[in-house]
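Trainee: Taken in sequence, the protein lines are chains U and C.
The working numbering puts the first residue of the first sequence at 30, with every later residue one more than the last.
The working numbering puts the first residue of the second sequence at 2, with every later residue one more than the last.
All C-beta atoms, glycine included, are put in the ideal place defined by N, C-alpha and C.
Got a structure here, written out as structure tokens. Questions coming.
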Amino acid sequence: MATHEEIRDSLRAFQEGYNKNKKLKIMNRDWNRVVLIEANDVESKHTLILKDGELTVCEGATDNPDIIVTADSETLADLFYGDITPTEPYMNGTLIIKGSEDDIVRLDFISLMIWGE
Amino acid sequence: MKRVVSVSLGSSKRDHQVQVELLGEQFIISRLGMDGDIERALAKLEELDGQVDAIGLGGIDVYVYAGKTRYAFKDGLRLMEAVKKTPVVDGSGLKNTLERETVKYLLRETNYLSPATKVLMVSAVDRFGMAEAFIEAGCDVTFGDLIFAAGIPYPIKTLEELEEMAGKLLPEMTKLPFHMLYPTGKKQDSRDEEKANKFAHYYHDADVIAGDFHFIKRYIPDALNGQMIITNTTTSADIEFFKEKGAARLVTTTPVFEGRSFGTNVIEGVLVALMGKPWEEITADEYLELIKKLDFKPQVIELV
Chain U
30 MATHEEIRDS
40 LRAFQEGYNK
50 NKKLKIMNRD
60 WNRVVLIEAN
70 DVESKHTLIL
80 KDGELTVCEG
90 ATDNPDIIVT
100 ADSETLADLF
110 YGDITPTEPY
120 MNGTLIIKGS
130 EDDIVRLDFI
140 SLMIWGE
Chain C
2 MKRVVSVSLG
12 SSKRDHQVQV
22 ELLGEQFIIS
32 RLGMDGDIER
42 ALAKLEELDG
52 QVDAIGLGGI
62 DVYVYAGKTR
72 YAFKDGLRLM
82 EAVKKTPVVD
92 GSGLKNTLER
102 ETVKYLLRET
112 NYLSPATKVL
122 MVSAVDRFGM
132 AEAFIEAGCD
142 VTFGDLIFAA
152 GIPYPIKTLE
162 ELEEMAGKLL
172 PEMTKLPFHM
182 LYPTGKKQDS
192 RDEEKANKFA
202 HYYHDADVIA
212 GDFHFIKRYI
222 PDALNGQMII
232 TNTTTSADIE
242 FFKEKGAARL
252 VTTTPVFEGR
262 SFGTNVIEGV
272 LVALMGKPWE
282 EITADEYLEL
292 IKKLDFKPQV
302 IELV
């Protein structure tokens, strides 16, 4: 089980990976979304805000997110540290993403662009 | 009499059957749409296995390529592995030969392509041979794989970048349900209005729009301005559709039987049935030789 702090640190690593990738910022200039990241085994909520290609991470939940990402704390930390890819936990139901299919593909894409081979 | 059946994840509205003679052999060629229902497709494949001479998998890619690397879609493999006795193909073996040859044919026999030609390939990893042929011809090519499959307004301009992106994305994305990346079933009967408007400029800026028919159709803008379309699996109604949209010319990469240009999976199935050897052992040169023997050529249809 990961702690809230570990999830926060993993999200910061994800944000750092995103911010270092200039191409990714260009690719996401059109995609303004609010993403709620919540653990289902510990009390931990974070909000990712994508706006004009920039990604920010905030502690806590937000009203009316476009996408909700839910998983156990270990999966979330592994995912945002890039130790695992989102596809497999998404397909086996460990990772639940509520949002449009297009947004789910886009989120998968961002993760792979940061951590992919 | 040989029987080749294409089991497609596409709409059943496009079902059809033709009888043709090829190299003195009679063929019945059928296409059966499963309306995006993968379980129904699996049941149909099991039913046909051992009953026909070759099976084509339509409306889905099993294998796509970027450079020398091959990526396999999990859903496609599941369908392919359901067939144990009959040769089963997805068209990817033939695409590399036939569609590369289409570009060469247009360069050799027409003045429709030149280094100044702007080409939009709506997706390239499913037609890497064609992508390479356009680049070799010196065309200004935009690969729309990220734009149309993932909704990301990022035009890829080189084969190197396409290979780099494919290497990062495809090992994982091929594990997603195929319908998340490609229009299957009922999505093939409608246009994605939002993306069609958002990405219209990529169509309008091009002289040539090439690639998968369903991708082209799903994201086509309200009107074209005299583009040449290079694709296949078109029916007479599709020819009218492109004409109404304002395309100047349609080039189909596969032969036309009874007004219908078949998918490469069907034609590959026919070639495999003619050769009578496992598709894994068939080389590009053998396909090319047989295509020449059959006198298969691209069909150019003027629309204005």
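Could you tell me whether the Cβ of PHE138/U comes closer than 8 Å to any Cβ of chain C?
Mentor: With 8 Å as the cut-off, PHE138/U counts as an interface residue toward chain C.
Trainee: Determine the direct distance from the alpha carbon of THR185/C to that of SER13/C, and round the result to whole angstroms.
Mentor: Taking the straight line from one Cα to the other gives about 11 Å.
Trainee: Considering only residues of the segment 212–293 of chain C, which uninterrupted beta strand (DSSP E) runs meet the minimum length of 3 residues and lie entirely inside it, listed in chain order?
Mentor: Listed in chain order, the complete beta strand (DSSP E) runs (minimum 3 residues) inside the segment 212–293 of chain C are 229–232, 250–253.
Trainee: Check the Cβ-Cβ distances between TYR155/C and every residue of chain U, and say whether any is below 8 Å.
Mentor: TYR155/C counts as touching chain U.
Trainee: Taking just the CA atoms, how far does VAL104/C sit from THR111/C?
Mentor: Cα to Cα, the separation comes out at about 10 Å.
Trainee: Ignoring anything shorter than 3 residues, give me the beta strand (DSSP E) runs that lie fully in the segment 125–177 of chain C, in order along the chain.
Mentor: For the segment 125–177 of chain C, whole beta strand (DSSP E) runs of length 3 or above, ordered along the chain, are 141–144.
Trainee: Just tell me which of ASP131/U, PHE109/U, THR104/U, GLY128/U has its CA closest to the CA of ASN121/U.
Mentor: Here the closest residue by C-alpha is THR104/U.
Trainee: VAL63/U and ILE78/U look like a contact to me (Cβ under 8 Å); what is the Cβ gap, rounded to whole Å?
Mentor: Contact flag correct, Cβ pair sits at about 6 Å.
Trainee: Rounded to a whole number of angstroms, what is the C-alpha to C-alpha distance between THR116/U and VAL63/C?
Mentor: Roughly 18 Å between the two C-alpha positions.
Trainee: Alpha carbon to alpha carbon, how far is PHE297/C from GLU100/C? Give it in angstroms, no decimals.
Mentor: In a straight line, the C-alpha of GLU100/C is about 12 Å away from that of PHE297/C.
Trainee: Which of the residues in the segment 95–118 of chain U, read from start to end, lie with their CB under 9 Å from any CB of chain C?
Mentor: Answer set for the segment 95–118 of chain U: THR114, PRO115, THR116, GLU117.
Trainee: Assuming the contact rule is C-beta atoms closer than 8 Å, GLU130/U and MET181/C should be a hit. Round their C-beta distance to whole Å, please.
Mentor: Yes, they are in contact, since the Cβ atoms of GLU130/U and MET181/C sit about 5 Å apart, within 8 Å.
Trainee: Using the beta-carbon count (16 or more within 10 Å), is GLU102/C buried or exposed?
Mentor: Counting Cβ neighbours within 10 Å, GLU102/C comes out buried, since at least 16 surround it.
Trainee: Check whether the Cβ atoms of LEU291/C and MET276/C sit closer than 8 Å, and answer yes or no.
Mentor: A contact, by the Cβ cut-off of 8 Å.
Trainee: Note down, in chain order, each residue of its chain lying with its Cβ closer than 6 Å to the Cβ of VAL257/C, except the 5 sequence neighbours on either side.
Mentor: Excluding positions up to five away in sequence, the list reads GLN300.
Trainee: For PRO279/C and GLN20/C, I'd like the C-alpha separation in whole angstroms.
Mentor: Their Cα atoms are separated by approximately 24 Å.
Trainee: For GLU47/C versus ALA83/C, is the C-beta distance shorter than 8 Å?
Mentor: Their beta carbons are under 8 Å apart, which means GLU47/C touches ALA83/C by this criterion.
Trainee: Name the chain U residues whose beta carbon is nearer than 8 Å to that of LYS176/C?
Mentor: Result: THR116, GLU117, MET120.
Trainee: Within 8 Å (strictly less), CB to CB, does ALA151/C reach chain U?
Mentor: Closer than 8 Å: yes.
Trainee: Does GLU45/U get closer than 8 Å to chain C when you measure Cβ to Cβ?
Mentor: No - not a single Cβ of chain C is within 8 Å of the one on GLU45/U.
Trainee: I need the straight-line Cα distance from LEU295/C to THR234/C, nearest angstrom please.
Mentor: Straight-line Cα distance between these residues: approximately 19 Å.
Trainee: Can you give me the C-alpha to C-alpha distance between ALA73/C and GLY92/C, rounded to a whole angstrom?
Mentor: If I take the Cα positions, the gap works out to 13 Å.
Trainee: Which residue from LYS218/C, LEU58/C, ILE302/C puts its Cα closest to that of MET81/C?
Mentor: Ranking the options by Cα distance to MET81/C, first place goes to LEU58/C.
Trainee: With 8 Å as the threshold, decide whether the Cβ of ALA181/C is near any Cβ in chain U.
Mentor: The amino acid at residue 181/C is misidentified as Ala; the sequence shows Met. MET181/C counts as touching chain U.
Trainee: Based on the DSSP output, what are the partners of THR70/C in its beta bridges?
Mentor: Paired residues: ALA67/C.
Trainee: Strictly under 8 Å for the Cβ-Cβ distance: is MET142/U near chain C by that measure?
Mentor: Yes, MET142/U counts as interfacial toward chain C.
Trainee: Give a yes or no on whether 8 Å exceeds the smallest Cβ distance from GLU130/U to chain B.
Mentor: Although the question refers to chain B, the structure presented lacks it and instead comprises the protein chains U and C.
Trainee: Could you check if CYS87/U is buried or exposed, using at least 16 other CB atoms within 10 Å of its CB as the buried criterion?
Mentor: Exposed is the call here.
Trainee: Write down every uninterrupted run of the beta strand (DSSP E) in the segment 14–59 of chain C whose length is 3 residues or greater and which is fully enclosed by it, in chain order.
Mentor: For the segment 14–59 of chain C, whole beta strand (DSSP E) runs of length 3 or above, ordered along the chain, are 17–23, 26–34, 55–59.
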